[in-house]
Amino acid sequence: QPVNLLKLIYPYKLKKQRRSPNMHIILIVLVILVIVILMLRSRHIALLRAEYIRTYMFPVGLIEKLTVLHPELDVKDRQLVARALRQFFIAHLNSGRKFVSMPSQVVDELWHEFILYTRQYERFCQKAFGRFLHHTPAVALGKHRASNAGIRRAWWYACLEENINPRKATRLPLLFAIDAKLKIANGFHYLLDCKGINSGESRDGATVYCGGDISSTSIDGSLDGFGDTASDGSGDSGDSGGCGGGCGGGD
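Residue numbers (our numbering): 443 to 693.
In structure tokens:
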């Protein structure tokens, strides 16, 4: 009797042991499939948000607000500023919604005017980023390490948006070139070729900054924000929270 019971029980155990590895494989495959699906969904959301930013129609009368501050700018110039603002928003999105500094005075002015269209700006932020994007003033490379990291992120993703190698740029991306291009008084005028020029010095009534310093540790001893790892920018579409305390161009 005992022997017969063992013969009956043993095959059953053997069958269970044979099934276990298969079940483990199935579970692993299912987990991988879920991860892949979530990644694809997240990437899809990010692409939709980027397209929304690129094709967004700014509120009527917004771009014309620049004529009050800069009457010398014609329609083409003002449209160029709007394009640079889109580039800034794209940089924030593609950085994974990290802190991105605003490197242009004239683009910052348009951004500030946009925020005054409260409802439109809130709807834009929700669809573009999944949450509100707070404003901070434009800055240039300096002693503030967090701002420098934000400048480097702005450079990195603005370059990528224009198919420029951010490590070996052959030209300035629009976001960094526009103040000098439009001769904005008190703007941040970046140069790609900085031979004989010290970053932050005054030239022709404007402060000049060197684009090459962005990829150098000479400013603050670090390269924080330069090509750092980013998420896909999709985030949680239901998150309407802000950046907390003072964040501009990111959290």
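No residue lacks a Cβ here, since even glycine has one placed at the ideal position from N, Cα and C.
Computed from a prediction, not measured in an experiment: that's the story for all the values here.
The beta carbon of A533 lies closer than 6 Å to those of V542, A596, Y599, A600 in the same chain, with the five residues before and after it left out.
T649 sits in a strand when the DSSP states are folded into three classes. Here DSSP, grouped into helix, strand and coil, assigns H534 to helix. Within a 10 Å sphere around the beta-carbon of R539 sit 16 or more other beta-carbons, which makes this residue buried. Pairwise C-beta distances place the stretch 510 to 529 out of contact with the stretch 466 to 481, as fewer than three of them are shorter than 8 Å. In the DSSP annotation of this structure, the continuous segment of the alpha helix (DSSP H) that includes F618 starts and ends at 616 to 623. Approximately 21 Å separates the beta-carbon atoms of P513 and Y559; this is outside 8 Å, ruling out the contact. Taking all protein chains in view, the Cβ of I593 is crowded by 16 or more other Cβ atoms within 10 Å, so the residue is classified as buried. Boundaries of the beta strand (DSSP E) harbouring H631: 630 to 633, taken from the DSSP string.
Looking from the CA of P579, the closest CA among F571, R573, H554 belongs to H554.
The C-alpha of N464 is placed about 45 Å away from the C-alpha of G667. Note on S660: under 16 other CB atoms within 10 angstroms of its CB, so exposed under the neighbour-count rule.
Counting along the chain, H554 sits inside the alpha helix (DSSP H) bounded by residues 547 to 557.
By the Cβ criterion, the stretch 516 to 523 is not in contact with the stretch 567 to 585, since fewer than three pairs of Cβ atoms, one from each stretch, lie closer than 8 Å. Relative to the Cα of E551, the nearest Cα in the group I639, L511, E493 belongs to L511. Taking 7 Å as the cut-off, the beta carbon of L614 is found closer than this to the beta carbon of Y632.
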